[in-house]
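Read the structure below first, then the notes.
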Amino acid sequence: MTIKNSLLIILLLAAPTVKGQEFRYKAVIGEVPRDGFYRIEAGTDIRARAATDLRDLRIRSSQGKVFPYLVMHPDAALPTDSFHTLPVISRSVDSVQNTIVIVENTTGQGVERLSVASGNTTVSRRCHISGSNDLQSWFSISEDLPYPAGASSTSDFYQVDLRFPLIRYRYLKVLITKGRGEAVDIKRVGTVRTGSERADGLVSNPQASFIRRDSSNGKSYIFVRQTAAYPVDVIKIGVGGIPVFRRSAEILGPVDSVSGRSLLSSFVLSSDIAVKEGADLLISVPMTGAFKVTTFCVVIDNGDNLPLEIKTVATFSKPLSLFTWLSAGTTYELWFGNDTLRTPNYDLEFFRNRVKGDEPILSYGEITGAAEPKISTAMKQKTKNPWVLWSVILASLGLLSAFTWKLTREMSRRK
């Protein structure tokens, strides 16, 4: 036996067994009418079972082949005709590193909402908005609005929605405070058309239930329970009774036996950012990072004030869809439910900017448990007997030792 053959046998015997990827769920994708690119919207039923960013999702054919896909975020899904970019009159940074942008309201209508696109960042700031009709005299509209950190995986910027009472000034000034670092990179400022479909880029999760408990320590505890672990990007809280308020608040995760409740987010609950809805005020609270839990607790610090009357609590997630190339006549399935998997590295990622957003949509069927590969009855009987497994292991070790000894002898003879 040659040295090459001996080495080959040793490597084959010593090679580890690679365990296949295990998934808990699957769903059959609808019929593909023709070859081409398609979009599959990941509903709340998938989002509750898959990883938050869908990194564990795989598209498989009936033959077991894996097909690449892109996860498309709401930045790309927002209808282009719903966003109206406002002309920038000036863009500056003052002596203390506050970022100041002045835009002109060219909509011809009143404005009660601005969408500001900023360079991706992990820092949070505060924001002040004022208005003017002559660029000389400025009047305060809203102060100390939260300007949360954010990042988009589809572009180098993310968008922040700023809401305030209806105004009709010709010019608007957006001032973002310095914080502890440098200025903020403002890409553009615009308005989103009121009433446009899914203009806020959010999908409503199934209705959550909640219980409020007011404590003698001056805090209110809102215990929220979702019907499943839906991802939460935004929480909308309805407040009744008092018309003006400003309270510090935080969101705590489920109780952990070791560390207690983990801090998921902190924010300011203020009537300044509320939208009138009937007799109540509705406040949208964006999360700095999506979390995915069944239960969480909103803690409101009332100080010396009376507790707020919490009317509603609703959770929302940013819509995610899959963009992929599929062939007609082939059956495809979505497999997911394995948090140990990393985000796949597909070539399709380099062509993300070619996605038009008008691709046909494919639906998927009922989500079921992902069945394990079928094993023959004879094999099952053998694997139930531990002596069979030990015999195979010992035989492999014996062969490996014999080939190693023979290889050593041949190498010694050639010296």
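Numbering (our numbering), first residue to last: 1 to 415. No residue lacks a Cβ here, since even glycine has one placed at the ideal position from N, Cα and C.
Where the beta strand (DSSP E) through residue 40 begins and ends | 36 to 42
Per DSSP, what kind of secondary structure is residue 50 in: helix, strand or coil?
-> coil
Among 317, 89, 182, nearest to residue 202 - alpha-carbon criterion = 317
In chain order, each beta strand (DSSP E) run of at least 3 residues that lies wholly inside the segment 116 to 201 | 125 to 132, 139 to 147, 157 to 167, 171 to 176, 186 to 192
Starting from the C-beta of residue 351, find all residues in its chain whose C-beta is less than 7 angstroms away, skip the five residues before and the five after it, and write them out in chain order.
-> none
Report the residue ranges of all beta strand (DSSP E) runs contained in full by the segment 272 to 322; include only those spanning at least 3 residues, in chain order.
-> 274 to 277, 280 to 292, 295 to 301, 309 to 317
Distance, residue 286 Cα to residue 114 Cα | 15 angstroms
Note down the Cα distance separating residue 248 from residue 118, rounded to an integer number of angstroms.
-> 25 angstroms
How is residue 112 classed by DSSP in three states: helix, strand or coil?
-> strand
Do three or more CB pairs link the segment 21 to 38 to the segment 291 to 300 at distances below 8 angstroms?
-> no
Residue 334 lies in the beta strand (DSSP E); which residues open and close that run?
-> 332 to 336
Can you give me the Cβ contacts of residue 374 inside the same chain, cut-off strictly under 6 angstroms, excluding the 5 residues immediately before and after it?
-> Bear in mind that a pLDDT of 46 at residue 374, under 50, signals an unreliable position, so the model cannot answer this.
Distance, Cα to Cα, residue 338 vs residue 326?
-> 23 angstroms
Reduced DSSP secondary structure (H/G/I, E/B, other) of residue 45 | helix
If we ignore side chains and look at the alpha-carbon of each, how far apart do residue 269 and residue 87 end up?
-> 31 angstroms
Just curious, the beta strand (DSSP E) that residue 370 is in, first and last residue?
-> Element bounds for residue 370: n/a, residue is neither H nor E.
Which of helix, strand or coil does DSSP assign to residue 348?
-> helix
Could you pull the start and end residues of the beta strand (DSSP E) that residue 70 belongs to?
-> 69 to 72
Put residue 354 into one of helix, strand or coil per three-state DSSP.
-> helix
For residue 360, the nearest candidate out of 27, 28, 33, 301 (CA to CA) | 33
From what residue to what residue does the beta strand (DSSP E) around residue 99 run?
-> 99 to 104
Does the Cβ of residue 233 have 16 or more other Cβ atoms within 10 Å, making it buried, or fewer, making it exposed?
-> buried
If you follow the beta strand (DSSP E) that residue 233 is part of, which residue opens it and which one closes it?
-> 231 to 240
In whole angstroms, what is the alpha-carbon distance linking residue 122 and residue 183?
-> 13 angstroms
Within its chain, find whatever has a CB closer than 6 angstroms to the CB of residue 312; leave out the 5 residues flanking it on each side and keep chain order.
-> 238
Three-state class that DSSP yields for residue 93 in the structure shown | strand
Endpoints, the beta strand (DSSP E) within which residue 221 is located | 219 to 225
Who are residue 264's beta bridge partners in DSSP?
-> In DSSP, residue 264 forms no bridge with anything.
Can you name the residues that DSSP bridges to residue 252?
-> 263, 297
Straight-line CA distance for residue 213 to residue 250?
-> 15 angstroms
Straight-line gap, residue 185 to residue 120 (C-alpha atoms, nearest Å) = 9 angstroms
Can the beta-carbon of residue 25 be found closer than 8 angstroms to that of residue 49?
-> yes
What's the gap between the Cα of residue 52 and the Cα of residue 228?
-> 13 angstroms
Identify the continuous beta strand (DSSP E) that holds residue 61 and give its terminal residues.
-> 58 to 61
In terms of DSSP beta bridges, what is residue 88 paired with?
-> 103
Mind checking whether residue 240 and residue 309 have CB atoms under 8 angstroms apart?
-> yes
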